[in-house]
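Shown next, in structure tokens, is the structure this report addresses.
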Amino acid sequence: MATAGCVVGADRGSPGSLLAILGPLVGQADSKPEGSTLVSASHEVVAMEVELTTVADDEAVLFVGSEVRHHIDLDPDTDYVLDDVEVHTLPRPPGDLLSVVATVNDVHFGETRCGVIDGTDVGPILSVEEGEPPYPETMNRAALAEILALRDGAGPDAVVAKGDLTTIGTDEEYRQFLDCYQVGLGDRLHHVRGNHDAYHGGTFAAEAPFEVSLPGVILAVIDTTRPGHANGQVTTDDLEWLDELGARADRPVLVFGHHHVWSPLSKRRESGYFGIVPDDSDRLIEVVARRAALTGYFAGHTHRNRVRRFPATGDFPWVEVGSTKDYPGAWAEYRVYEGGVLQIMRRISAPEALDWTNRTRAMFGGMYAGYSFGALEERCFPVWPRQG
1 MATAGCVVGA DRGSPGSLLA ILGPLVGQAD SKPEGSTLVS ASHEVVAMEV ELTTVADDEA
61 VLFVGSEVRH HIDLDPDTDY VLDDVEVHTL PRPPGDLLSV VATVNDVHFG ETRCGVIDGT
121 DVGPILSVEE GEPPYPETMN RAALAEILAL RDGAGPDAVV AKGDLTTIGT DEEYRQFLDC
181 YQVGLGDRLH HVRGNHDAYH GGTFAAEAPF EVSLPGVILA VIDTTRPGHA NGQVTTDDLE
241 WLDELGARAD RPVLVFGHHH VWSPLSKRRE SGYFGIVPDD SDRLIEVVAR RAALTGYFAG
301 HTHRNRVRRF PATGDFPWVE VGSTKDYPGA WAEYRVYEGG VLQIMRRISA PEALDWTNRT
361 RAMFGGMYAG YSFGALEERC FPVWPRQG
């Protein structure tokens with residue numbers, strides 16, 4: 001997640017003015033800026049329109065405020081009208097289902113105020129009521145419960161937490177993260193640090209790069225942090241490691257890191273870009289372009305759902321997934337088939353989680369929901385093998 005003062009490059013998507021505003025806004029701090037208004041979680045901001053949040057090859061999930069409408073046993077690649085909403089299910093890749101992976105990112109254990117923007121009076125700033133559990137605890141435990149319920153309670157083969165495990169990078173915040181996820185998942189949990197974890201010299205979660213081999217897929221996890229900075233990098237060692245993995249891989253490789261890449265289509269090339277700095281983004285794109293086994297890159301950091309594709313890498317998706325700790329309350333499921341992978345973004349559906357995310361959608365003057373939610377095709381989509 002970017003800190004205050006960083007600007008999102010408006011290379012595509014929402015209007016540039018909105019991105020220019022929301023770049024600084026999506027930063028989180030642990031102090032209350034002067035002149036801001038603190039709003040408790042009892043503040044009622046609930047959208048009552050029907051929202052199609054999730055489609056898979058066999059299901060669709062719609063929300064009306066805090067009401068969840070879950071439609072199951074659907075056929076793949078088929079048109080439906082559900083709750084007066086037109087829905088087209090995802091195509092099912094060929095072959096058997098080989099493995100299932102889940103991800104979370106921007107979980108921010110230790111955070112107590114949501115929507116803080118240093119040096120501005122933009123609100124609302126949200127906090128839970130006295131005596132209630134911290135919202136990162138509420139959101140992450142609800143996410144974990146849903147993840148463990150996959151495959152009729154068998155859970156996924158692996159879970160990757162893609163950084164910003166903590167808020168200010170303390171050992172105590174990291175312990176809270178482990179108490180939630182590692183206790184529930186054991187050795188199925190794999191995690192990497194984000195900028196919030198590396199601001200103050202913390203050395204935890206610094207084991208990347210590493211690979212996780214599963215039936216039908218290899219998960220490649222890289223550390224994109226620049227300790228002490230909000231933006232990211234990819235070291236030469238990590239690039240060489242990924243290049244070598246891409247050369248020898250005998251199955252598709254999904255790459256995970258905290259920061260998103262700079263777009264080579266951008267008109268601005270800034271060393272302070274709040275994702276992976278341009279020079280390192282260029283080098284990462286070059287590795288992907290020559291290694292067809294590398295099938296997708298999946299980041300967090302921006303607290304938004306977005307997919308970009310660049311000429312040099314063709315249909316390879318450069319993906320960002322929304323935040324787990326506030327609106328939309330996201331986690332992602334990856335169904336690995338013999339002939340492809342499905343990304344299925346899910347919105348945490350526990351009542352206490354929806355109560356929180358239906359409030360945090362109003363952050364940043366009401367603009368956060370439009371920024372963070374993304375289009376359906378940026379939340380749920382197939383990832384196809386590349387031709388080498």
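Just so you know, the sequence shown maps onto residues 1 to 388 in this note's numbering.
Note that the Cβ used here is the ideal one computed from N, Cα and C, for glycine as well.
Looking at the structure shown, is residue i part of a helix, part of a strand, or coil, going by DSSP?
i	result
VAL288	helix
GLU172	helix
TYR371	helix
PHE381	strand
TYR297	strand
VAL183	helix
ASP79	strand
THR89	coil
ILE72	coil
HIS190	strand
ARG386	coil
LEU165	coil
GLU338	coil
ARG347	strand
ARG359	helix
LEU376	helix
GLU67	strand
ARG283	helix
Which residues mark the beginning and the end of the beta strand (DSSP E) in which residue i is found?
i	result
SER323	From DSSP, SER323 is part of no beta strand (DSSP E); its letter is neither H nor E.
LEU219	217-221
ILE125	125-127
ALA161	158-162
GLU211	210-214
GLU51	50-55
TYR135	First-last for TYR135: 135-148, but that is the alpha helix (DSSP H), not the beta strand (DSSP E).
THR103	97-104
ALA60	60-64
PHE256	253-256
ARG308	306-308
Using alpha carbons as the reference points, say which of the options lies closest to residue i.
i	options	result
SER213	ALA198, GLU173, LEU254, ARG175	LEU254
ALA145	TYR181, TYR174, GLY110	TYR181
VAL192	PRO215, VAL159, HIS200	VAL159
LEU189	LYS162, GLY110, TYR337	LYS162
PRO264	PHE256, ARG283, GLY184	ARG283
VAL64	LEU150, SER127, ASP58, SER349	SER349
PHE364	LEU98, VAL85, VAL122, VAL81	VAL122
GLY314	GLU86, ARG306, ALA299, ILE285	ILE285
LEU126	THR302, VAL277, ARG359, ASP179	ARG359
ASP250	THR302, ILE117, ILE218, ALA312	ILE218
THR89	HIS196, VAL234, TYR273, LEU62	LEU62
ARG113	HIS70, THR167, PRO385, ASP152	THR167
LEU116	GLU377, ALA362, GLU211	The sequence given here has Val at residue 116, not Leu. Cα-wise, what sits closest to VAL116 is ALA362.
ASP238	GLN387, GLU207, TRP384, MET345	GLU207
VAL277	GLY300, ARG226, GLU333	ARG226
PHE381	PRO134, ILE344, ASP243	ILE344
Can you give me the start and stop residues for the alpha helix (DSSP H) that residue i sits inside?
i	result
GLY437	One cannot answer for residue 437 here, as it falls past the ends of the chain, which runs 1 to 388.
ASP197	195-198
When the Cβ atoms of the region 100-114 are set against those of the region 308-325, are three or more pairs found closer than 8 Å?
yes
>> Contact between the region 127-142 and the region 72-90 is defined here as three or more beta-carbon pairs at a separation below 8 Å; is this criterion met?
In response: no
- Would you call the region 262-280 and the region 197-205 in contact, with 3 or more CB pairs under 8 Å? no
Exercise for review: Pair every Cβ in the region 367-383 with every Cβ in the region 325-336, then say whether three or more of these pairs are closer than 8 Å.
Suggested key: yes
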